[in-house]
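Counting in the UniProt record's numbering, the sequence shown runs without a single skipped number right up to 241 at its last residue. C-beta: ideal position from N, C-alpha, C; glycine also. A quick note: this is a predicted structure, and the numbers were derived from the prediction, not measured. Take a look at the structure set out below.
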Amino acid sequence: MEHIYELYNDLPRQGPGDNASTKRALSLIPVLPEKPLILDIGCGSGMQTIELARATNGTVTGVDNYQPFLDVLLANAKHNVKTVNASMDQLPFDKGTFDLIWSEGAIYLMGFENGLNYWRDFLSPGGYMAVTEITWLNDNPHHEPKSFWQAAYPEMKTVAENLKTIKSSEYRNIGNFVLPESSWWEDYYFPLLSRIEWFRKKYSGNNAVLAIADEVAAEIDLYRRYSDNYGYVFYVMQKSD
1 MEHIYELYND LPRQGPGDNA STKRALSLIP VLPEKPLILD IGCGSGMQTI
51 ELARATNGTV TGVDNYQPFL DVLLANAKHN VKTVNASMDQ LPFDKGTFDL
101 IWSEGAIYLM GFENGLNYWR DFLSPGGYMA VTEITWLNDN PHHEPKSFWQ
151 AAYPEMKTVA ENLKTIKSSE YRNIGNFVLP ESSWWEDYYF PLLSRIEWFR
201 KKYSGNNAVL AIADEVAAEI DLYRRYSDNY GYVFYVMQKS D
């Protein structure tokens, strides 16, 4: 894990996303309190955390289990941002605390259904949740990405299947949209490719460590060739009470 974290250090984001998509998802929420309490789970270095604080005038608590990411977030945040070093499956908050729970590119670590069900308890009555989830964009993906993602994330589903999970997890669907391909490249894959080059030079000759870079590079190439097969989808929902 130490080398994986090192590879992903100094990136604008640790997963696909962009501020325009963050704001678009936020715009789907019909109403929030004047100063909402927001929890950003798996916030990483927190580009979206800062955007949420700016756009809502709320207090945003960023949660991650890697302190250097949280340090970057606090260094960049201007106002209304707190951080907590904790695991997303052991949140140290009272139930019903937050008006909005946010998570970009992280819920897969728990699994979509598990994350929705566990995090639900921390929402206030009628609170909202917005997450991005890696999703099949058609029913018959090519065998190559299908094989890769069945090994990496066997719970990966289609949009229709995820909407059924949202309903069965006692949320009301508000809306969803596919993140644009640019959100994979501009703040994530292009910087990551540069990071991979640096990483390979630093660990030249260390095949065990270089295998990490090779796996990430293969994932990037897979998306380059099969971006029409899968992508990240923003799902916005409201807790049913």
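Are residue i and residue j close, meaning C-beta to C-beta below 7 Å?
i	j	result
Leu26	Ala55	yes
Ser227	Glu181	yes
Asp99	Pro154	no
Ala77	Ile50	yes
Leu179	Pro16	yes
Cys43	Asp10	no
Arg195	Leu7	yes
Met237	Met110	no
Tyr66	Tyr5	yes
For residue i, I'd like the list of residues in its chain whose CB is within less than 8 Å of its CB, leaving aside the five on either flank, ordered along the chain.
i	result
Pro92	Val84, Ala86
Asn19	Met47, Gln48, Glu51
Ser240	Glu170, Tyr171, Arg172
Thr165	Phe112, Glu113, Leu116, Lys157
Asp121	Lys95, Gly96
Arg200	Leu210, Ala213
Leu222	Glu144, Pro145, Phe148
Glu186	Asp18
Pro125	Gly96, Lys239, Asp241
Determine the direct distance from the alpha carbon of residue j to that of residue i, and round the result to whole angstroms.
i	j	result
Trp149	Ser169	24 Å
Ala151	Gln90	26 Å
Leu70	Tyr108	20 Å
Val81	Ile41	13 Å
Arg24	Val131	12 Å
Asn206	Leu193	19 Å
Gln14	Thr22	15 Å
His143	Leu137	14 Å
Ala75	Val216	28 Å
Between residue i and residue j, which are expected to be in contact by the criterion C-beta below 8 Å, what is the C-beta distance as a whole number of angstroms?
i	j	result
Pro12	Pro191	6 Å
Ile212	Ile29	At roughly 38 Å, the Cβ-Cβ gap does not stay under 8 Å, so Ile212 and Ile29 are not in contact.
Tyr230	Pro145	6 Å
Glu133	Val233	6 Å
Asn140	Val159	Their Cβ separation, rounded to whole angstroms, is 14 Å, which puts Asn140 and Val159 out of contact at 8 Å.
Near residue i, which residues of its chain fall below 6 Å by C-beta distance, leaving aside the five closest residues on each side in sequence?
i	result
Gly46	Gly62, Leu73
Ser147	none
Tyr189	Ile220
His3	Val209, Ile212
Per DSSP, residue i forms a beta bridge with which residues?
i	result
Ala77	None, per the DSSP bridge assignment.
Gln130	In the sequence as presented, Gln is not what sits at residue 130; that position holds Ala. Note: Ala130 sits in a beta bridge opposite Trp102, Val236.
Phe177	Phe234
Tyr84	Reading off the sequence, residue 84 comes out as Val, not Tyr. DSSP lists Val63 as partners of Val84.
Tyr171	Lys239
Ile41	Val63
Lys157	Thr135
Leu123	Phe98
Within 7 Å of any Cβ in chain C, is that where the Cβ of residue i sits?
i	result
Met88	Protein chain content of the structure displayed is limited to a single chain, and chain C is not contained in it.
Looking only at its chain, what residues have a beta carbon closer than 7 Å to the beta carbon of residue i, apart from the 5 residues adjacent to it on each side?
i	result
Trp184	Pro16, Tyr223
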